Amino acid sequence: MHAPIQNSEVAALHESPVLPQIEFSSVTKTYGKVTAVRDLSMTVSRGEFLTILGPSGSGKTTTLMLLAGFEAPTAGDILIAGRSVAAVPSYRRDQGIVFQSYALFPHLTVTRNLEFPLEMRGINTAERTTRVRRMLERVHLSDLGGRMPSQLSGGQQQRVALARALIADPPFLLLDEPLGALDRNLREQMQIEMKSLHKEFGITTVCVTHDQEEALTLSDRIVVMRAGRIEQTDSPEALYDRPATRFVAKFLGEANIFENHNFKIESEAEQPSGTVAMIRPERICIVATDAGKRGDGDLRQFVTGIVDDMIYAGPLRKYHVRVGSSVFIVREHVAARQPIFRPGDGVCLNWLRSDIRFVAT
Amino acid sequence: MKTFQKLGQMPIGLTVPALALLLVIFGIPIIHLFLNSINAPAFSATNYYKFFGQPANVRVLFQTIEVSVVATAICLIVGYPTAYLIVTASRSLRITLIALVIIPYLTSGLARTYAWIVILGDRGVINNVLVHLGVIHSPLQLIYNTMAVYIGMVHIMLPLMILPLVSAMMGIDRSLMAAARSMGARPLTAFWRVFFPLSLPGVRSGSLLVFVFCLGFYITPAALGGLRDAMLSTFIAGQVASSFDIPRIATSAFILLAIAVAVLSMLGLDLAGAQGRAPTPARKSWVARLPIFGLLKRYFSEFLSPYRAKLWTTQLYQAGDNSSLSNIVGPLFVLLVMVYLLSPGLIVIIMSFSAGAFLEFPPSGLSLQWYRSFFGDPSWNGAAWTSIQIGVAVAILSTIVGTLAAYGLNRTHPRLRGLLTMAILTPVTIPVIVVGIATYLGLVNLGLIGSTTGIVLAQSLGAIGIVVVIVSATLANFDRTLEQAAKSMRASPLQTFMRVTLPLIRPGVIGGAVFAFLHSFDELVITSLVSGYSIRTLPLKMWENIRNQIDPTIAAVSALLMLVPVLWLIVLYLTWWRSRPRDHHSLRELAT
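In order, the protein sequence lines correspond to chains F and W.
Numbering follows the numbering used here, in which position 292 of the first sequence is assigned residue number 292; successive positions increment by one, without gaps.
In the numbering used here, each residue's number is its place in the second sequence (first place is 1) plus 1000.
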């Protein structure tokens, strides 16, 4: 029998500066014949905000369930502060979780919801009351302690869920699609709020989402998953700017892949084998055919095509331009005195050669 | 640690008490019965040859099937339009109509059968009125014939048909009818092509319920039918009373069981088969077997749901043209059905206040003499007290065992869940006389015949099934991430159950307890077999009275029994209403 990890031990261990706070070492999880997570290894360092990003079925939720202790790995090990927790059930671990549905207890008031984790840790009533009050102030919900969860708006519920996850000062926080249930405006506001809360608490956070915008805004690092494996791990900027694979390029933002094109990309000479060339739509300039080549001719590449479609999207204008047999997506910020092209117009596309990326197929 | 955790991950262990009880009291005896019927260990079909060798037996068998088929068909023919009209009615009317169907459903079958005796008897309501009016001179023979059996059976079974139908029809997305009509389907076409096919699950589960209940029907045919109207269950009960010839009884019971199983597997194949493959709809299918509970819950919630603009959808629903004819025919039909369902009860209630020495309708004077007789006569109030005690014991035992089992089943692999659920529900899904015979044997083995403990155990079999159905339905709607959330906050599994799961499924648990009590309070067939004539429950006392005509006190008892469901409806309404914090608070907010 293992002795359950004591709070103090965990606390002592995650003081250790050398060890990563969370470590997955070759973790595999299978359900029957289905392998949800395959040979996954990753680390999360102290204070980091790490996002696991992937489409549904990529194994990201399983990864979170494994980390939370709701599932046990089929193979491999999960270390928290250097100590294996693969066999420790979730209720003996120390963590805060914000569930996608928030999982606020519908039969308890906001205050009782916040007290729950403290009560389970055997903290006395006086201390609980103080901590709940302080936490409610922190998330700007001081007046709502007596309400039932069903009487709160979506954003308020989200904040209560976050407060409940943080109130017992857990060493790390897990977020499952934390903003998925909110509408767009609220989501942006909550993103900012969560970012500042993360900064304030400095708590190690692992977030699982399929929303690339959420991932890009919040994270220090993003792990992109696909079919149970890690596709790429990097900072948001690096991930967007230098995607390693075609999947990452397509999943994070839009990408023009040079495929079946009947013109020569002039930088093809440098192209590593097993890769395709890719360029982001906002890196392409669109000008009239007769505008002529500009000065930096040797740095830029020019192709001509015909506008298939123009989509107006507020601050952006999006063109579909047919060049030979392939269609390019071009994104342009709407500005004054800009020529507007209509379907059927001939246009000239050009881009900096240095903006071409090569991604693994 | 590991082994402990493994055990914790096997919630199937929670079903052990329920299964053990089932096995000892029902499972082993029924295997024993089967072996007896085939003359084990010699193994021969002699008993079955003997059964079919006697023309009288074959006649009873065919009569049982015929009566069940006809009664089911009548229920469907009457029930489908009724259900449709209920569903299409305006919201407040619908709530009233459903309540009017549920009240007889929850009322003691004995009391309702008694009502028909009072109505159809030689000096019953109909004959009295006709004689008074001078239409006839001597009473008509309305009772103790096949007609009376059908009238009584359909009366008892009709709610069992209407409620699943209403449940299924209310689940049909109303916009589908609108969609069909927007695509140019005429109202009647939209009904046949869209609504009707979607209501078929309700037709199936309603017919199944009614047919299987009819097969094992005992009280009503015996009380209202003539000597030639014996059903197989009456026949078996007679054999039990006259000679306890186990192989013979076992053979009859297994023939009855075989018909029930054949029909169940023909119509309800997915009960077991599809469960493994498609867990979600399959779970629905067995809950739908006793869909009254889901409906009840939905019904109560509808009371409170803020008024939604349903009017237009209601209008879209109306399949027929809006001619004046259909405007009259529909309401008239529903009115007739409701009169048929409710008038016997009302008549008995009115008669129970009669002042004469005999029961008469309309009563010549009012008095409480029969109520005084009920409360003053120890043989009556003693029986009632016994029934209440047994009912409470059954409710407690079956609620605990059933809730554990339902929780365990909810956490079990779907395939296994289907199988175990089927097993636990056997006592409420096969003809009750078969359960009675098996239970009798089981209690004989335990030496509990004629003891209160024996009766409690026997009645708990069915009650556990009922609790499992209701609690499972509640658990199916329970959000399990709440448990994960509790565990992520260091609540142990037990703390999680007590602090989070139990408070949230409490309405289901209370509902289960109420229905378990009701089941016990109304149980006659099994109880009469295992009571050994030493314990008198209220239904036993009533049954004795009905058969031996007739202490009019029974009218007062029946009238009181008709108040019970109203009382329960109020209890359930309060618990379920209280369990809806959202509405509760929005109401409070409105008030402040």
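All C-beta atoms, glycine included, are put in the ideal place defined by N, C-alpha and C.
Just so it is clear, the structure is predicted and the values come from calculations on it, not from any experiment.
| chain F contacts from the segment 1491-1502 of chain W (Cβ-Cβ distance under 9 angstroms) | Those residues of the segment 1491-1502 of chain W that come within reach of chain F (Cβ to Cβ, closer than 9 angstroms) are A1491, S1492, P1493, Q1495, T1496, R1499 and V1500.
| message | Closer than 9 angstroms between beta carbons: that is the criterion. Which residues of the segment 182-207 of chain F meet it against chain W? | response | Of all residues in the segment 182-207 of chain F, none has a Cβ within less than 9 angstroms of some Cβ in chain W.
| field | Reduced DSSP secondary structure (H/G/I, E/B, other) of F:G362 | value | Residue numbering for chain F in the displayed model covers 1 to 361; residue 362 of chain F lies beyond these limits and cannot be assessed.
| task | Have a look at W:G1391 and F:P73 and give me their C-alpha separation to the nearest angstrom. | result | Taking the straight line joining both Cα atoms gives about 48 angstroms.
| query | What is the DSSP secondary structure of F:Q301, reduced to helix, strand or coil? | reply | In the structure shown, F:Q301 sits in a strand (DSSP, three-state: E or B).
| alpha helix (DSSP H) runs wholly inside the segment 46-120 of chain F, at least 4 long, in chain order | Runs found: 60-68 and 110-120.
| Chain-ordered residues of the segment 1041-1068 of chain W with a beta carbon less than 9 angstroms from chain F | Taking 9 angstroms as the Cβ-Cβ cut-off against chain F, none of the residues of the segment 1041-1068 of chain W qualify.
| message | Quick check: what's the CA-CA separation for W:S1090 versus W:M1351? | response | Cα to Cα, W:S1090 sits roughly 34 angstroms from W:M1351.
| Contact set for W:L1014: own chain, Cβ-Cβ below 7 angstroms, skip 5 residues either direction | Closer than 7 angstroms at Cβ, skipping near neighbours: L1404, A1405, Y1407 and G1408.
| query | Rounded C-beta distance between F:V206 and F:A165? I'm assuming under 8 angstroms. | reply | F:V206 to F:A165, Cβ: 12 angstroms. No contact.
| field | 8 angstroms Cβ cutoff, W:K1541 in contact with chain F | value | By this cut-off, W:K1541 is not an interface position.
| Helix, strand or coil at W:S1301 according to DSSP, with G and I counted as helix | The predicted position of W:S1301 is uncertain, since its pLDDT is 48 and thus under 50; a value taken from the coordinates is nonetheless stated next. Helix, per DSSP.
| task | Whole angstroms is fine: what's the gap from F:Q21's alpha carbon to F:L79's? | result | F:Q21 and F:L79 have their alpha carbons spaced roughly 8 angstroms apart.
| Closest Cα partner of F:S150 within the set F:L114, F:F105 and F:L141 | When only C-alpha atoms are compared, the closest one is F:F105.
| query | What are the partner residues of F:T205, as DSSP defines its beta bridges? | reply | Per DSSP, the beta bridge partners of F:T205 are F:F49 and F:L173.
| request: Would you give the residue range spanned by the alpha helix (DSSP H) that W:N1127 belongs to? | output: Counting along the chain, the alpha helix (DSSP H) containing W:N1127 begins and ends at V1125 to L1133.
| task | Count the other C-beta atoms from every protein chain shown that fall within 10 angstroms of the C-beta of W:G1206, then say buried if there are 16 or more, exposed otherwise. | result | If you draw a 10 Å sphere on the C-beta of W:G1206, you find 16 or more other C-beta atoms in it, and that means buried.
| Start and end residues, beta strand (DSSP E) containing W:W1370 | Counting along the chain, W:W1370 sits inside no beta strand (DSSP E); it lies in the alpha helix (DSSP H) bounded by residues Q1369 to G1376.
| message | So if DSSP puts F:F24 in a beta bridge, which residue, or which two residues, is it bridged to? | response | F:F24 pairs with F:M42 and F:I78.
| task | Could I get the ranges of all uninterrupted alpha helix (DSSP H) runs contained in the segment 226-259 of chain F, with 4 residues as the minimum, in chain order? | result | You should have 236-241 and 246-251.
| said: I'd like to know whether the C-beta of F:A103 is nearer than 8 angstroms to at least one C-beta of chain W. | reply: Cβ-Cβ to chain W under 8 angstroms: yes for F:A103.
| Does the Cβ of W:V1129 have 16 or more other Cβ atoms within 10 Å, making it buried, or fewer, making it exposed? | Label assigned to W:V1129: exposed.
| Between F:S56 and chain W, is there a C-beta pair that is closer than 8 angstroms? | Judged by the 8 angstroms Cβ criterion, F:S56 is not in contact with chain W.
| query | Between F:M278, F:P178, F:L174 and F:D169, which lies nearest to F:Q156 when the distance is taken from Cα to Cα? | reply | From the listed residues F:M278, F:P178, F:L174 and F:D169, the smallest Cα separation to F:Q156 is found for F:P178.
| Using the rule of at least 16 other Cβ atoms within 10 Å of the residue's Cβ for burial, across every protein chain shown, is W:G1512 buried or exposed? | Under this definition W:G1512 is a buried residue.
| List, in order along the chain, the chain W residues whose C-beta lies closer than 9 angstroms to that of F:Y91? | For F:Y91, the chain W residues whose C-beta falls within less than 9 angstroms of its own C-beta are A1486, K1487, S1488, M1489, R1490, A1491, S1492, P1493, Q1495 and T1496, listed in chain order.
| message | Let's test the definition: count the other Cβ atoms within 10 Å of the Cβ of W:Y1114 and tell me whether it reaches 16, buried, or not, exposed. | response | Burial call: buried.
| Cβ-Cβ distance between F:L182 and F:Q212 below 8 angstroms | With a cutoff of 8 angstroms on beta-carbon distance, F:L182 and F:Q212 are scored as not near each other.
| message | Taking 7 angstroms as the limit between beta carbons, can you name the residues of its chain near F:S142, skipping five residues before and five after? | response | Closer than 7 angstroms at Cβ, skipping near neighbours: L136.
| What is the C-beta distance between F:A190 and F:K60, in whole angstroms, given that I count them as a contact (C-beta under 8 angstroms)? | Just to set this straight, residue 190 of chain F is Met in the shown sequence, not Ala. Not a contact, Cβ separation roughly 20 angstroms.
| query | Does any C-beta atom of chain W lie closer than 8 angstroms to the C-beta of F:F70? | reply | Answer yes: the Cβ-Cβ gap between F:F70 and chain W drops below 8 angstroms somewhere.
| task | Just confirm the distance between the C-beta atoms of W:A1071 and W:M1153, as a whole number of angstroms; I'd bet it's less than 8 angstroms. | result | Sure, about 5 angstroms apart at Cβ, within 8 angstroms.
| query | Which whole-angstrom value is the C-beta distance of F:G253 and F:Y240, which I expect to be below 8 angstroms? | reply | Contact annotation, F:G253 with F:Y240: C-beta distance approximately 6 angstroms; criterion of less than 8 angstroms satisfied.
| task | Determine whether the Cβ of W:L1336 lies closer than 8 angstroms to any Cβ atom of chain F. | result | Under the Cβ distance rule, W:L1336 does not count among the residues neighbouring chain F, no pair being separated by less than 8 angstroms.
| field | Backbone secondary structure at W:Y1084 - three-state DSSP | value | DSSP, read as helix, strand or coil, puts W:Y1084 in helix.
| query | Apart from the five residues just before and just after W:T1412, which ones in its own chain have a Cβ nearer than 6 angstroms to its Cβ? | reply | Within the same chain, W:T1412 has close Cβ partners I1012.
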